[in-house]
Amino acid sequence: AQTVTQSQPEMSVQEAETVTLSCTYDTSESDYYLFWYKQPPSRQMILVIRQEAYKQQNATENRFSVNFQKAAKSFSLKISDSQLGDAAMYFCAYRSTSGTYKYIFGTGTRLKVLA
Amino acid sequence: EPEVTQTPSHQVTQMGQEVILRCVPISNHLYFYWYRQILGQKVEFLVSFYNNEISEKSEIFDDQFSVERPDGSNFTLKIRSTKLEDSAMYFCASRERENTEAFFGQGTRLTVV
Numbered sequence: 113a114q115t116v117t118q119s120q121p122e123m124s125v126q127e128a129e130t131v132t133l134s135c136t137y138d139t140s141e142s143d144y145y146l147f148w149y150k151q152p153p154s155r156q157m158i159l160v161i162r163q164e165a166y167k168q169q170n171a172t173e174n175r176f177s178v179n180f181q182k183a184a185k186s187f188s189l190k191i192s193d194s195q196l197g198d199a200a201m202y203f204c205a206y207r208s209t210s211g212t213y214k215y216i217f218g219t220g221t222r223l224k225v226l227a
Numbered sequence: 046e047p048e049v050t051q052t053p054s055h056q057v058t059q060m061g062q063e064v065i066l067r068c069v070p071i072s073n074h075l076y077f078y079w080y081r082q083i084l085g086q087k088v089e090f091l092v093s094f095y096n097n098e099i100s101e102k103s104e105i106f107d108d109q110f111s112v113e114r115p116d117g118s119n120f121t122l123k124i125r126s127t128k129l130e131d132s133a134m135y136f137c138a139s140r141e142r143e144n145t146e147a148f149f150g151q152g153t154r155l156t157v158v
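Okay, here's the thing in structure tokens:
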């Protein structure tokens with residue numbers, strides 16, 4: 113069974129600075145997807161970024177980028193030029209490319225942005 | 046932009062009562078899911094639904110839970126006899142076809158008192 117681990121329950125970053133959130137996962141599959149979701153106080157799940165395992169190039173979305181290390185089963189999220197609106201809970205998630213395509217989430221990292 | 050809609054946004058129910066959480070998936074989507082998030086904890090998979098039947102369920106999804114797609118547009122989660130520990134945020138998600146991205150609804154906060 114696949115597992116997702118986020119070892120940082122909480123992180124803080126100064127506004128305009130850069131922060132990296134860590135995620136590791138375990139799987140025996142060779143093809144899969146990884147995601148970072150943002151959950152603000154409203155608790156809605158907002159997709160931040162997606163990475164396909166067969167793509168070696170790291171995904172980027174504006175100020176958000178990932179460092180995907182397939183051999184190490186590591187998938188970290190870097191947020192550049194942090195803004196107050198980035199404060200939220202961030203969940204790392206895994207999805208298989210077969211079966212029911214369900215998501216497996218990590219326990220989350222709460223990001224605080226300091227003004 | 047199409048979105049998954051959940052109603053109500055917040056429901057309070059007495060312990061032992063039945064509750065139905067409603068979801069309207071994106072119209073051309075074929076795969077449907079329910080997830081649960083107890084306050085302060087991670088989001089957990091409950092059940093997946095395809096072709097009018099459950100395709101997978103977790104150990105959380107016991108006999109008190111059921112899902113239904115009664116009219117081709119709604120997708121419901123029923124909890125027959127609610128317990129205090131059912132208090133959580135419930136998320137519906139849908140996807141168009143195999144191996145495509147799932148879209149999450151905004152969630153229903155269920156409070157059992």
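Those sequence lines, one after another, are chains D and C.
No gaps in the numbering here: position 79 of the first sequence is 191 in my numbering, and each next residue is one more.
No gaps in the numbering here: position 112 of the second sequence is 157 in my numbering, and each next residue is one more.
Built from N, CA and C at the ideal position, the CB exists for glycine as well.
- Contact between V178/D and S188/D holds, since their C-beta atoms are separated by about 7 Å, short of 8 Å.
- A distance below 7 Å between beta-carbons, with the five flanking residues on each side excluded, links K150/D to the following residues of its chain, in chain order: I158, V160, A200 and Y202.
- Annotated three-state conformation of D198/D is helix, per DSSP.
- Counting C-beta pairs with one atom in each stretch, the stretch 202-222 of chain D and the stretch 118-137 of chain D have three or more that are closer than 8 Å, which means they touch.
- Around the beta-carbon of I124/C, 16 or more other beta-carbon atoms lie within 10 Å, marking it buried.
- Take the alpha-carbon of R142/C and the one of M134/C: they are about 25 Å apart.
- Beyond the five residues adjoining it in sequence on each side, F106/C comes within less than 7 Å, by CB distance, of L91 and V92 in the same chain, given in chain order.
- E173/D sits in a strand when the DSSP states are folded into three classes.
- Residue environment: K214/D is assigned as buried (16 or more neighbouring CB atoms within 10 Å of its CB, all protein chains considered).
- The shortest C-alpha to C-alpha distance from D143/D to any of T212/D, T219/D, K182/D and G197/D is the one to K182/D.
- Within the stretch 119-137 of chain D, no residue has a Cβ lying closer than 7 Å to any Cβ of chain C.
- Within the same chain, Cβ atoms closer than 7 Å to the Cβ of V116/D are found at C135, Y137, C204, A205, Y206, I216, F217 and G218, the five residues on either side in sequence being excluded.
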